[in-house]
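The structure under discussion appears below in the form of structure tokens.
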Amino acid sequence: MGRRDQLWLSISGMDATGAELSAVTWLQSEAIRRASAAGVTEAAFSIGVDTAKLRWSEQVRSHHEFFLVSRTPFALATFALYQVARTVRTVLGHRRGSGSSR
């Protein structure tokens, strides 16, 4: 507070029910809580497994792909169509694999 080479951090108004959590975990929990209230159903953390992520779930799903799409209307529309076709193919593949009819 009086020294230029020192950083002082505080979380004002910390809820007592979160006292056992680290500051970052508490902030993540607030972000997740607010997103959930807004209808979000999944939280995506950065890659890799660490203790902080395992506080939320022991289930880890890795997705080894990404898409880089231009923001032009044509590129966005083309990508949207690709995603629909991919989803339909996946759903039909699961149905065929389970033995159910079309």
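Its first residue numbered 3, the sequence shown is counted upward by one per residue in the working numbering.
C-beta atoms are modelled at their ideal positions from N, C-alpha and C, and glycine is treated no differently.
Keep in mind it's a predicted model, so treat the numbers as computed, not measured.
Contact check, residue i vs residue j, beta carbons under 8 Å
i: residue 86; j: residue 77; result: no
i: residue 81; j: residue 68; result: no
Length of the line joining the Cα atoms of residue i and residue j
i: residue 56; j: residue 41; result: 23 Å
i: residue 98; j: residue 83; result: 22 Å
i: residue 93; j: residue 33; result: 32 Å
i: residue 11; j: residue 95; result: Residue placement at residue 11 is flagged as unreliable, the pLDDT there being 46, under the threshold of 50; the coordinate-derived value follows with that caveat. Each residue's Cα considered, the two are about 53 Å apart.
i: residue 88; j: residue 30; result: 32 Å
i: residue 36; j: residue 73; result: 28 Å
i: residue 75; j: residue 61; result: 37 Å
i: residue 63; j: residue 43; result: 15 Å
i: residue 66; j: residue 22; result: 34 Å
Own chain, CB closer than 8 Å to residue i, minus 5 neighbours either side, in chain order
i: residue 90; result: none
Beta-carbon proximity list for residue i, same chain, < 6 Å, skipping 5 on both sides
i: residue 102; result: Here the model assigns residue 102 a pLDDT of 47, short of 50, so the residue's position is not dependable and the matter cannot be decided.
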